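Read top to bottom, the protein sequences are chains Y and U.
Everything in the first sequence is counted per my numbering, starting at 21 for the first residue and increasing by one.
Everything in the second sequence is counted per my numbering, starting at 16 for the first residue and increasing by one.
Where is the CB? At the ideal position from N, CA and C, for every residue including glycine.
Keep in mind the model is a prediction, meaning the values are calculated, not measured.
Remarks on the structure that follows.
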Amino acid sequence: MDSNTDLQRLLTRRRFLELSRTGIGAAALATLWQQDVLGQGTKSPVDSVGGLAGLPHFAPKAKRVIYLFQAGAPSQHELWEYKPKVVELRGTELPESVRAGQRLTTMTASQASFPVIPSIFPFAQHGETGAWVSELMPHTAKIVDELCFIRTMHTEAINHDPGVTFFQTGAQLAGRPSMGAWLSYGLGSMNSDLPTFVAMVSNRGGNPVYDRLWGNGFLPSEYQGVKFLSTGDPVLYLSNPPGIDRTARRRFLDDLAALNQQDAEAFGDPETTTRISQYEMAYRMQASVPELTDLSDEPESVFERYGPDSKTPGTFAANCLLARRLAERDVRFVEVFHRGWDMHTQLPRRIQTQAKDVDQPQAALIQDLKERGMLDETLVVWGGEFGRTVFCQGRMTETTYGRDHHPRAFTIWLAGGGVKPGMSYGTTDDFGYNIVENPVHIHDLHATMLHLLGIDHTRLTFPYQGRNFRLTDVHGKIVNGILS
Amino acid sequence: MNLRAGVIGVVLTVLGVGSAQYLSRHLQAASLPIQNPQESLDFNQHVRPMLAEACFACHGPADATRQADLRLDTSDFIDSVVVPGDAEGSRLFQRLTTDESIGRMPPVSSGRSLTAEQIDLVRRWIDTGAEWGSELASADGGGRPVAARSVDFAREVRPLLSENCFTCHGPDEGSRQRGLRLDVPEGPFADRGQFGGPVIVPGNADESLLIHRVSANDLAVRMPFRRGTVSAVEPGGEEDGLTASEVETLRLWIDQGAEWQSHWAFIPPERPELPGVVDGEWIRKPIDHFVLSRLEEEGRTPSAEADLMTLIRRSTLDLTGLPPTEELIAAALNDDSPDAYERHIDRLLESPGYGERMAGEWLDGARYADTSGYQTDAERTMWPYRDWVINAYNSNMPFDQFTVDQLAGDLLPDATVDQKIATAFNRNHSQNGEGGIIPEEFLVENVVDRVATTSTVWMGLTLGCARCHDHKFDPLTQKEFYEVFAYFNNVPERGKAFKYGNSPPYITAPTDDNYAELAQLDGEIDTAREVFANFEREATAGQAVWEESLQSAWRVDWVLRDQLLVHHPLNGDIAGVYTGEPIVVSPSVTAGLRANRPPPEVTLPVAVTMEGGLPSFVPGKVGEALSFDGQRFVNAGDIGNFTYNDPFSVAVWIYPTVDNGVIVSRALAGDEGERGWGVYLVDGKIQVNLAQRYMDDGLRVVTRDELPLNEWQHLTVTYDGKKMPGGFVVYLNAESVSLETETDGINNPIRTREPLRIGASGSAPDGSGATDSRPRFEGMIDDVRVYAKVLTQAEAAVVATAESLSDIARIAPASRTSGQSKKLRLAFLDQYASVDIQDAWRHLKGLERRRAELWDSFPTVMVMEEMDPPKETHRLIRGAYDVPGERVSPGVPAILPPVNEDEAPNRLTFARWLVQPDHPLTARVAVNRFWQMYFGTGLVKTAENFGTQGEYPSHPELLDWLATTFIDSEWDVKALQRAIVTSATYRQSSTIVPELLEQDPENRLLARGPRLRLPAPAIRDQALAVAGLLVAQVGGPPVKPYQPEGLWEQAASQDYLQSEGDNLYRRSLYTFWKRTLAPPAMLAFDSATRETCIVRLGRTNSPLQALNLMNDVTYVEASRMLAERMIAEGGETPEERIDFAYRLATAHRPRPEARAVLSDSFYSSVDRFQADRQAALDFLNVGEHPRNETLDIAELASYTMTASLILNLDRTITKD
């Protein structure tokens, strides 16, 4: 039944009302927007407002997450997964024993042959750990010792929409809360004037992404991610209309608060008091968000590090830099979506520009976080919704080939936030087609991410339709092998 | 069934004991009540809840599990283990704080240890005197304070068993442990054979194994225990197990006889008597008896009636989603009759806004949207269904008919178009058109969605939970899920939907305006036919004379030119002949996603070249023909650039000498196979291909039979632009031949830059290894034509007639083929008849073409249809689409009344079953949602779940009274609304008294009127209405009002083409709803996303809402327009004008202190804008609606600011 959660929220709300009555501070009640009411902001990971009692369940390793989601499914074969055997067997038919009748998408299911094709981009070993990285990722190659590669990610989804939805919400079909919404609900906010959960989409085309990927599902809508846009207002409706400056807005808000306060006293509705504080929060955001997105205080060296795109709003580079600034301001969950990885044809040409988009900025982000002492407490995740086939889709030439969707084994990487640096987890077969050892399912990744944030994934639940739902459904095993 | 038993206990559970329990469970820190450390504490109030949780399992009321003969739930222990005033000296405190190894309590192994704060609380309780204090909710003051209450199974015990036990001892056989189920009486009361006696011995809790197991100290024995694997319902860690008060509830219930009842919601409602009340004066309607009786039991009184203006505004917003107009208010205020309010309600129920408001609610459940969902989420046309819903409510369609039409209107005898439109309900789900998907997978998902949605909306059942296994809580088996599934699994639909537009099955659904237009045109056509018929005799005579004159002509011919794009006669010249008629090829098929880019204009004449050699003409079928050698081909230039929704035809004479070769194409062999369209000879058969990516994104048909080589034959291929393989017709020598489908599933528009080619298709550069290169034609080709329309069979026969007019004229009429006769006739009418006849003929043909185009322009709507024979349905193992189990037939869950076996097992029977009077759920679920709409919370709070995990009703008898009244009224929806909104319950003041808020924060007892933030659409609609901007047009295509730029572009690379004029100001119900990127302002105010069925919305309060109301163009413009109204209609002084606007927005005059703030605010704006007139102008320039330029800008800007203040008031966006 729902009554406990609702009642609990009401009681929490009442407590804040009491606090505001005693003059401690006007409290924003919605968890997402929770002001640090006690104003004693010692910055420890547990110092958050809102969220559920009893959370975190144990001391967290990571305080926040930056998820660099690569929508469209990047090819592991051209980036991270070095398979000498495939080089050897170039152009030969993928052995039937490898595919073993597993399903393919209808884009290649009736293809007459399935020749394996190695990356045309050479791989080399990097760092002290000697991780293999292709030449498409020269900057990332320099920081491999910070990364933890999971080579055995797998999913059931074979198409983009269900695949992306699965990674972000733990289910293939619409309707479930996104991971960031779960965290906002469970852990509350760590700051007083920014959202808990921010999503950004870089301005490269590709398969669409959707509100549900940062949506609240069946959780209350206050937990939905706030989308930062690169054109117009970064946060919807943030700017005052033309002709209304901050002074005029302040006066407006004072008058509005006075009127609402009169009504609160007349009608006794606590929602009215809450609304006053939400308008105050809005006013603070009108200052804090532009301050956040205004990069003019960053030295030139920072732009050099993140690369030439970093001055152009809406690029992956600019969004990585923003992600760092959001992390600095204790936003709990930052998600950067980068579209355009879906390469059924012309992969060699297209992946070069695509890799160039992300390589330097993502490496810069990791280094930057590290230098600022934030990497230890920031979990960075990089990956798409599935991988790509080792066999060629369509025409195969030295410069032209494609790869279809491959959900059975693919590579993602993590960094910081309690994850072992400089390691590689899981083994695939010679073709990178099937998992040989240590599979990691999406549910396992989610369980592990929640674990790093101090949450027992089996105990972060929300009652809906008579069931206690979890991000990990009824699954999920913590991948202990990657924990530092 | 007696639902009233033990009603007194409800509030205890919900608010009293319950809250204490939750406090101690979840909010230890927050609940610590002590401000002053010196204050004396009360055991029952402060300490007991905590100890109940931690200690009562072993030291509580249960004798069987009691340890050390110590109980802490009665005051006796104070004498034995407590030294009042000396915590350190008290054994109780010592055991709470001692070292673990010496036996700290509670034992660590119990997982119930106390926190430091809790221990400190015990210390303070003892140190301040160890007062026993007041009894908790005690009636008898005895040692066991809650012992006297009578436990109600349905309300208290079943939910407890459901929540804690059913996962392993419930309906799901697959996960049932030890063969014990506790959801049916056969389980707990039966002898358990080798496992011992029954787990429940009625009347004797001590003898009941259930009690032993739930209160056992040993974690290995205690139930429910945490299992090694994580179950679906996972009580968390130390919170495992029942609380002491829950155990107590079970004990009491067993001791009181363990009376068992089926789950209340599965028992058909019976009409209850109106309960007696002490003070009946307050009562206005039957509903009030139930509410008042309950309030009296709780010792409370209802609130006073709200003032009339409040009631007018409340009811108008509730019933129409709009604020009351001046006229409505005046009509109500000027009505002196005692039933003035009732008459006001009747006016609302008769207004068109009523249907719009009700439809908005319904469409959330129906997951209605204007796009298909999933990846591309492109536009579809379902709004005729939305308008059907509006009309159904406005015409007060009975709810049973409303049900049957939506679920099975297509199966009704002589189903009307409206009844078919209604079935769009079950086609509103998302459907996937993503490239590469496996159609079978999404065929299943479509049906699963239908079952889940239908059962939620009509039955409040979470039947969808039984997809993969038996339901964990409700008596619904997985097999039963697939039996219901079978009703909805027989639709001739595609698993891979069209990416753009509607997918079959769909019907044309003309609006009233469409019908009117059509009728007018039909009238014109009738007249034109008549006019032409009058020329019949003259034409026949004229044709005879003409034919005779032709007989002596050397060679006269004629070509059917209607929508002929190009004609290559190939008589000594490869050039084409172009009619010069402007041919409209369909505009961008992705309309709504990308700005329309019209196809490039074709420059006539088109450059035509011979490639691969010099042209070689030989005697042909019609004059000369062009000879092809497998190398040469004609590049016929940029013409015929058809995409998948363009109708077209290709006609050609061929004389093939080998059995493979391209005849005509506009295609290229590419990386992903062929792209474009083409007509080919493949292994002696005619193949027609239309593809974006040949393997899974195209259409391909092939003739069944091979055609002979080395002879002339005429080929006409037509395509109707409907994206289905059945849309191809191939005529060989004017006869339609049978076709086989090779690929079916075209999803993307296929414009290609390749030219039209005769005898070849585009191939990739040499050595590229391109797949699917096509051999060029060998033989002869003659008389190639491309039409931008579907040639009829008769026209195909004419086109296939090679003989010239003069040749035909020389054949005796009786010996002519039908094609020959038609060719003569058409040529005569087209070119040789008298001008009057030609005109009459062309006029008629033009009108007929316009009619076809008009019909094609009408909206379509996806509907339900049945396949014959029906598709087989199987249980799907673990719900997986590709693992079928045994076959199942349509059927309904056994826990519900049986379906009529005499009727066909189809959706119609299912729909009628839902509304049979003894169905226990349909009426209850429906009335509960209406109640929720008015009061914010349903009588059953879990409006989406009436199963055992759902909430027990706050007023069970009222629910049943409403349900049975609804059925007995023949499902009269308006009567039901009237019954609710005219009740004294609804008419109460909504002012909140602090102590009531504390005790009943959600107003479940209904001791006050509803006070709720308006739903998202009403907030915007109200602002538009008070601004005078609202355009009150009902129905029609969706509109695209203001939306911040970049929203669609950044996430989906799609353009949002904002509407213009009136369409910026339509009700929010008509706002284009893109499922995956829904209107942001609606989402900010808690709208459903419409991705799935939602029947209960949240209500949050966030800064995004504040930003939206302050800064969205919508509200800035509305403020300006309200300001103009203030000046024009609001009186002379600022104060009068402020009053006017305030009244429009809230239906009240501002109180003096509010007026003071508003007027002060106004004058400060005046000062500012007079000093900065540019700012005023900038502010006033927001929004598309023109400004009244006769007004002073500083003054108008100041009023605009004040109007904005009023539109932002909490009171304005709240229904009070």
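**OP:** Would you kindly report the start and end of the unbroken beta strand (DSSP E) that includes Glu-689 of chain U?
**Re:** 688-697
Original post:
So who's on the other strand from His-358 of chain Y, going by DSSP bridges?
Top reply: Y:Gln-90
Subject >> Minimum Cβ-Cβ distance from Gly-43 of chain Y to chain U less than 9 Å >> reply: Here Gly-43 of chain Y scores only 32 on pLDDT, less than 50, and its place in the model should not be relied on; the value that follows carries that caveat. Not one chain U Cβ lies under 9 Å of Gly-43 of chain Y.
Original post:
Over what stretch of residues does the beta strand (DSSP E) that includes Val-901 of chain U continue unbroken?
Top reply: The sequence shown places Glu at residue 901 of chain U, not Val. Run containing Glu-901 of chain U: 899-903, per the beta strand (DSSP E) assignment.
Original post:
With burial defined as no fewer than 16 other Cβ atoms inside 10 Å of the residue's Cβ, what is the status of Gly-691 of chain U: buried or exposed?
Top reply: buried
Original post:
Does any CB atom of chain U fall closer than 9 Å to the CB of Gln-306 of chain Y?
Top reply: yes
**OP:** Let me know the secondary structure DSSP gives Arg-560 of chain Y once reduced to three states.
**Re:** Shown here, chain Y extends from 21 to 504; a query on residue 560 of chain Y therefore has no answer.
Original post:
Taking 9 Å as the CB-CB cut-off, is Glu-959 of chain U touching chain Y?
Top reply: yes
Subject >> Val-667 of chain U vs Val-506 of chain U beta-carbon contact at 9 Å >> reply: no
Subject >> Anticipated Cβ contact below 8 Å, Gly-360 of chain Y with Gly-226 of chain Y, distance rounded >> reply: 3 Å
**OP:** Look at Asn-763 of chain U and Asp-712 of chain U and say whether their C-beta atoms are less than 9 Å apart.
**Re:** yes
Original post:
Taking any Cβ of chain U, which residues in the stretch 217-235 of chain Y have a Cβ under 7 Å from it, in chain order?
Top reply: Val-221, Asn-223, Gly-225, Asn-227, Pro-228, Val-229, Tyr-230, Asp-231, Arg-232 and Gly-235
Original post:
Is there at least one Cβ from chain Y nearer than 9 Å to Arg-944 of chain U's Cβ?
Top reply: no
**OP:** At 4 residues or longer, and completely inside the stretch 219-274 of chain Y: list those alpha helix (DSSP H) runs for me, N to C.
**Re:** none
Subject >> Supposed close pair Ala-1162 of chain U, Ile-327 of chain U - CB separation, criterion 8 Å >> reply: 6 Å
**OP:** Use the C-beta contact count for Thr-373 of chain Y: other C-beta atoms within 10 angstroms, 16 or more gives buried, fewer gives exposed.
**Re:** exposed
Original post:
For the stretch 976-1008 of chain U, which residues have a beta carbon sitting closer than 8 Å to at least one beta carbon of chain Y?
Top reply: Ser-1005, Thr-1006, Ile-1007 and Val-1008
**OP:** From the DSSP output, in three-state form, read off Glu-726 of chain U for me.
**Re:** coil
Original post:
When you compare each of U:Ala-437, U:Gly-591, U:Gly-1061 and U:Leu-129 to Ala-524 of chain U by their alpha carbons, which one comes out closest?
Top reply: U:Ala-437
**OP:** Using DSSP bridges, identify the partner residues of Phe-496 of chain U.
**Re:** Paired residue(s): none; Phe-496 of chain U is not in a bridge.
Subject >> Beta-carbon proximity list for His-146 of chain Y, same chain, < 6 Å, skipping 5 on both sides >> reply: Val-153, Ala-161 and Val-164
Original post:
If you measure from the beta carbon of Leu-1195 of chain U to each beta carbon in chain Y, is any gap under 9 Å?
Top reply: yes
**OP:** Using a Cβ cut-off of 9 Å (strictly closer), state whether Lys-81 of chain Y contacts chain U.
**Re:** no
Original post:
Assuming Leu-1222 of chain U contacts Ala-1121 of chain U under a Cβ cut-off of 8 Å, what Cβ separation, rounded to an integer in Å, is found between them?
Top reply: Wrong, their Cβ atoms sit about 12 Å apart, outside the cutoff.
Original post:
What does Asn-280 of chain Y touch in chain U if you count any residue whose Cβ is under 7 Å from its own?
Top reply: Leu-1224 and Asp-1225
Original post:
What residue range is occupied by the uninterrupted alpha helix (DSSP H) comprising Asn-9 of chain U?
Top reply: Given a span of 16 to 1231 for chain U in the structure shown, any question on residue 9 of chain U remains unanswerable.
Original post:
From Gly-327 of chain Y to Gly-334 of chain Y, what distance separates their C-alpha atoms?
Top reply: 14 Å
Original post:
Hey, how far is the Cα of Phe-187 of chain Y from the Cα of Ile-462 of chain Y?
Top reply: 6 Å
**OP:** Taking only beta-carbon positions, decide if His-461 of chain Y is within less than 9 Å of chain U.
**Re:** no
Subject >> Residues sharing a beta bridge with Ala-684 of chain U, DSSP >> reply: U:Glu-689
**OP:** Flag Val-248 of chain U as yes if its beta-carbon sits less than 9 Å from any beta-carbon of chain Y, otherwise no.
**Re:** For Val-248 of chain U, the pLDDT reaches just 36, beneath the cut-off of 50, and the residue's location in the model is therefore unreliable, although a value from the coordinates is still provided. Closer than 9 Å to some Cβ of chain Y, the Cβ of Val-248 of chain U qualifies, so yes.
Original post:
How would you call Gly-438 of chain Y, buried or exposed, if buried means at least 16 neighbouring beta carbons within 10 angstroms?
Top reply: buried
Original post:
What's the call for Glu-249 of chain U, buried or exposed, on a 16-neighbour Cβ count within 10 Å?
Top reply: Its pLDDT being 39, under 50, Glu-249 of chain U is placed unreliably in this model, and the coordinates cannot settle the point.
**OP:** Give the interface partners of Thr-468 of chain Y over in chain U, defined as CB-CB distance under 9 Å, in chain order.
**Re:** Per Cβ cutoff of 9 Å: no residues; Thr-468 of chain Y is ~15 Å from chain U at best.
Original post:
Considering only residues of the same chain and omitting the five flanking positions on each side of Asp-187 of chain U, which have a CB-CB separation below 6 Å?
Top reply: His-484, Asp-485 and Lys-487
**OP:** Taking only the alpha-carbon atoms, compute the straight-line gap between Met-412 of chain U and Gly-202 of chain U and give it to the nearest angstrom.
**Re:** 45 Å
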